[in-house]
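In the working numbering, the protein residues as written are 7 to 97.
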């Protein structure tokens with residue numbers, strides 16, 4: 007499902023116009039993004055948790071040249087599915 011299909015599904019389910027559904031989806035995505043950038047964790051009970059995790063700097067190997075390279079530390083967004091979502095997917 008892509009973004010436009012998701013907007014159509016939201017509009018149909020919530021009885022909204024597609025424009026209102028798009029505004030709601032965009033606002034939700036932006037709120038989640040802003041919270042993660044600020045270092046917050048978002049917990050949606052029954053759905054899951056969005057959080058930021060830090061990967062430490064490490065040494066890797068360039069597969070083409072077999073030379074050792076340094077991989078910089080970075081932050082990554084993570085999602086952990088909640089129990090209800092996991093159960094729904096595994097039915």
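Just so you know, even glycine gets a beta-carbon here, dropped at the ideal spot from N, CA and C.
**Prompt:** Under the DSSP definition of a beta bridge, which residues are partnered with residue 54?
**Reply:** Answer by DSSP bridge pairing, in chain order: 50, 87.
**Request:** Tell whether a beta-carbon distance below 8 Å holds between residue 24 and residue 17.
**Result:** Cβ atoms of residue 24 and residue 17: closer than 8 Å.
**Message:** I believe residue 65 touches residue 79 by the beta-carbon criterion, under 8 Å. Please report the beta-carbon distance rounded to the nearest angstrom.
**Reply:** Not confirmed; about 12 Å, so no contact.
**Message:** For residue 7 and residue 45, I'd like the C-alpha separation in whole angstroms.
**Reply:** Cα to Cα, residue 7 sits roughly 28 Å from residue 45.
**Message:** Beta-carbon within less than 6 Å of residue 81's beta-carbon, same chain only, minus the 5 sequence neighbours each way: which residues are those?
**Reply:** Excluding positions up to five away in sequence, the list reads 58, 60.
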